[in-house]
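S.K.: Take a look at this one; I'll ask things after.
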Amino acid sequence: MKWLQGKLLVPEVVYYGQDDSNEYLLITEIEGINASEKSFEMILPQLMKQLAYSLRAVHEDKGSQKSSRK
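The sequence shown lines up with residues 0 to 69 when you count with numbering that gives the first Met the number 0.
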């Protein structure tokens with residue numbers, strides 16, 4: 000998540016750990032309204048466009064990071 004900071008609103012990783020059968024990730028809270036709230040039903044198309052835009056930005060940036068490592 001560190002590579003997304005400054006590009007998208009992402010929580011900070013407070014702790015990551017694992018044991019023999021599980022992985023644990025503790026992150027900070029991001030203020031706002033959960034996208035699954037009923038209040039978003041009326042603007043669902045706009046919400047989906049925003050989510051798609053953000054996801055595309057993540058994938059494009061991830062690809063540019065791979066090419067810069069060569």
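Idealized CB from N, CA, C, for every residue including glycine.
#1: Helix, strand or coil, according to DSSP, for isoleucine 32 in the structure here?
#2: Whose CA, out of Glu28, Met47, Thr27, lies closest to the CA of serine 35?
#3: With DSSP run on the structure shown, which of helix, strand or coil describes leucine 24?
#4: Assuming contact is defined by CB atoms lying nearer than 8 Å, are isoleucine 29 and proline 10 in contact in what I supplied?
#5: Spatial neighbours of leucine 7 within its chain, please: CB distance less than 8 Å, with the 5 preceding and 5 following residues excluded, ordered by chain position.
M.R.: Short version:
#1: coil
#2: Considering only alpha carbons, the answer is Met47.
#3: strand
#4: Against a cut-off of 8 Å, the Cβ pair of proline 10 and isoleucine 29 comes out as a contact.
#5: Ser53, Ala56, Val57
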